[in-house]
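Visitor:
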Amino acid sequence: MRPIDAIFIILIFSSYLKNSKQKYIISILPILLFTVSLISSYIPVSIESFVLPIIAIIACVICIELAPLSLLLLFTEYNHLWEAIMIPVLWFIIMLLIKNLNTRINDEYIPSYIRGFPIRIISLGILYYVFYPLFFI
Amino acid sequence: MMDIKKILKSPIVGQVRSNPKYLWIIVACIPLLFQSPSSSIHIWALGLVLGGWIANIHPIRWIALAWIISVIFPSMPFLLLACCGALLKNWRDCLYAGLLGVALTMIYIPGELKNIGFIFIVVGLSSIIYKRVK
Numbered sequence: 229m230r231p232i233d234a235i236f237i238i239l240i241f242s243s244y245l246k247n248s249k250q251k252y253i254i255s256i257l258p259i260l261l262f263t264v265s266l267i268s269s270y271i272p273v274s275i276e277s278f279v280l281p282i283i284a285i286i287a288c289v290i291c292i293e294l295a296p297l298s299l300l301l302l303f304t305e306y307n308h309l310w311e312a313i314m315i316p317v318l319w320f321i322i323m324l325l326i327k328n329l330n331t332r333i334n335d336e337y338i339p340s341y342i343r344g345f346p347i348r349i350i351s352l353g354i355l356y357y358v359f360y361p362l363f364f365i
Numbered sequence: 015m016m017d018i019k020k021i022l023k024s025p026i027v028g029q030v031r032s033n034p035k036y037l038w039i040i041v042a043c044i045p046l047l048f049q050s051p052s053s054s055i056h057i058w059a060l061g062l063v064l065g066g067w068i069a070n071i072h073p074i075r076w077i078a079l080a081w082i083i084s085v086i087f088p089s090m091p092f093l094l095l096a097c098c099g100a101l102l103k104n105w106r107d108c109l110y111a112g113l114l115g116v117a118l119t120m121i122y123i124p125g126e127l128k129n130i131g132f133i134f135i136v137v138g139l140s141s142i143i144y145k146r147v148k
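So the protein lines, in turn, are chains A and B.
Counting from 229, one number per residue, gives the positions in the first sequence under the working numbering.
Counting from 15, one number per residue, gives the positions in the second sequence under the working numbering.
1) Cβ of ILE286/A less than 8 Å from any chain B Cβ?
2) Taking SER89/B as the reference, give the member of ILE55/B, ILE68/B and LEU62/B with the closest Cα.
3) Compile a chain-ordered list of the residues in the segment 308-342 of chain A whose CB is closer than 7 Å to at least one CB of chain B.
4) Between PHE364/A and chain B, is any beta-carbon pair separated by less than 8 Å?
5) Taking Cβ-Cβ distances shorter than 8 Å, what residues in chain B pair up with PRO281/A?
6) Within this structure, are the beta carbons of GLY115/B and PRO51/B separated by less than 8 Å?
7) Listing by chain order, which chain A residues have their CB less than 9 Å from the CB of ALA111/B?
8) Can you name the residues of chain B whose CB is closer than 8 Å to the CB of PHE236/A?
9) What is the DSSP secondary structure of LYS145/B, counted as helix, strand or coil?
10) Among residues of its own chain, excluding the 5 on either side of PHE262/A, which ones have a beta-carbon nearer than 7 Å to its beta-carbon?
11) In chain B, which residues lie less than 8 Å from ILE240/A when you measure between Cβ atoms?
12) Taking the alpha carbon of PHE359/A as the reference point, which residue from TYR341/A, ILE315/A and ILE282/A has its own alpha carbon closest?
13) State yes or no: is the beta carbon of ILE349/A nearer than 8 Å to at least one beta carbon in chain B?
14) Can you find a CB in chain A that lies within less than 8 Å of the CB of SER141/B?
15) List the residues of chain B whose Cβ lies closer than 9 Å to the Cβ of TYR360/A, in chain order.
16) Just how far apart, CA to CA, sit ALA111/B and TRP58/B?
17) Quick check: what's the CA-CA separation for LYS327/A versus ILE271/A?
18) Quick one: any contact between the segment 67-80 of chain B and the segment 342-360 of chain A, if contact means 3 or more CB pairs under 8 Å?
19) Closer than 7 Å by C-beta to VAL41/B: which residues in its own chain qualify, once you throw out the five before and the five after it? Chain order, please.
20) Indicate whether PHE48/B and LEU352/A have their beta-carbon atoms separated by less than 8 Å.
21) Please state if the CB of ASN334/A and the CB of ARG343/A are separated by a distance shorter than 8 Å.
22) Going by the CB atoms, is the gap between LEU62/B and CYS108/B shorter than 8 Å?
In structure tokens:
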């Protein structure tokens with residue numbers, strides 16, 4: 229799965245989690261995983277299959293609140309360091325944008341059947357296409 | 015020191031999960047984004063249904079179950095099942111996501127549309143139509 233897809237899945241799931249400080253901790257997971265993939269050739273074959281489950285368990289134990297999202301970050305493929313760095317950066321930029329958008333998309337002039345979840349998910353879908361070219365730099 | 019038992023029983027984990035009932039659709043689309051072969055999606059769906067019953071809201075149980083299944087069926091990446099299961103709220107959502115995931119493998123979707131932006135827009139529009147009709 230591409231990192232940008234992972235960010236947006238995280239955003240749709242984490243938009244309901246308020247004031248979690250653990251998001252700062254799990255944002256370093258992509259860089260950690262990229263580092264592990266760099267040194268994977270030095271890891272003995274006998275313990276190679278245990279590396280990912282152990283990292284997953286540690287990530288879940290450290291970030292209880294965001295355990296499902298940490299698993300999603302571990303599941304993503306990072307081909308370049310740029311992608312691993314872009315994940316937390318883009319995550320926080322889009323979170324700020326959504327915070328700004330939330331006041332507008334919940335206004336009364338928006339029809340009740342569009343307000344809330346439908347307009348939020350469509351906005352995220354459009355934002356996806358806005359930020360998509362960043363991963364081709 | 016954190017207690018594993020507390021983590022397993024923690025209600026906080028549930029907070030991250032979907033409030034709206036439509037988010038299982040997005041979980042069902044995750045194998046599609048991963049472009050897994052259809053055989054592994056069937057195993058993933060079975061694992062999801064089994065996990066919905068055994069693991070439910072406990073992420074560490076999901077990791078254990080997914081790892082065991084991936085040992086038996088190496089074609090299925092273990093984090094695919096672990097992360098999908100952990101994102102879901104209850105066994106009913108697991109069942110729905112598993113069924114939809116299998117159904118999606120039977121439909122031809124062009125590679126260009128296999129991205130989360132397109133899925134979000136489709137889910138959003140479907141929920142608008144559903145709300146309007148309802």
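Backbone N, C-alpha and C fix where the C-beta goes; we use that ideal spot for every residue, glycine too.
Guide: Taking the geometry as given:
1) No, no contact with chain B.
2) ILE55/B
3) For the segment 308-342 of chain A, the residues whose beta carbon sits under 7 Å from a beta carbon of chain B are, in order, TYR341 and ILE342.
4) no
5) ILE77, TRP81 and PHE92
6) no
7) Correct list: empty, because the minimum Cβ distance to chain A is about 13 Å.
8) Those are ILE130, GLY131 and PHE134, listed as they occur along chain B.
9) For LYS145/B, the secondary structure class from DSSP, reduced to helix, strand or coil, is helix.
10) TYR306, LEU309 and ALA312
11) LEU37, ILE40 and PHE134
12) It is ILE315/A.
13) So yes, ILE349/A belongs to the interface.
14) yes
15) ASN129 and GLY131
16) Whole-angstrom Cα-Cα distance: 10 Å.
17) The straight-line gap from Cα to Cα measures roughly 42 Å.
18) With the cut-off at 8 Å, the segment 67-80 of chain B and the segment 342-360 of chain A do not touch.
19) CYS98, LEU101, LEU102 and ALA111
20) no
21) yes
22) The answer is yes: Cβ separation under 8 Å.
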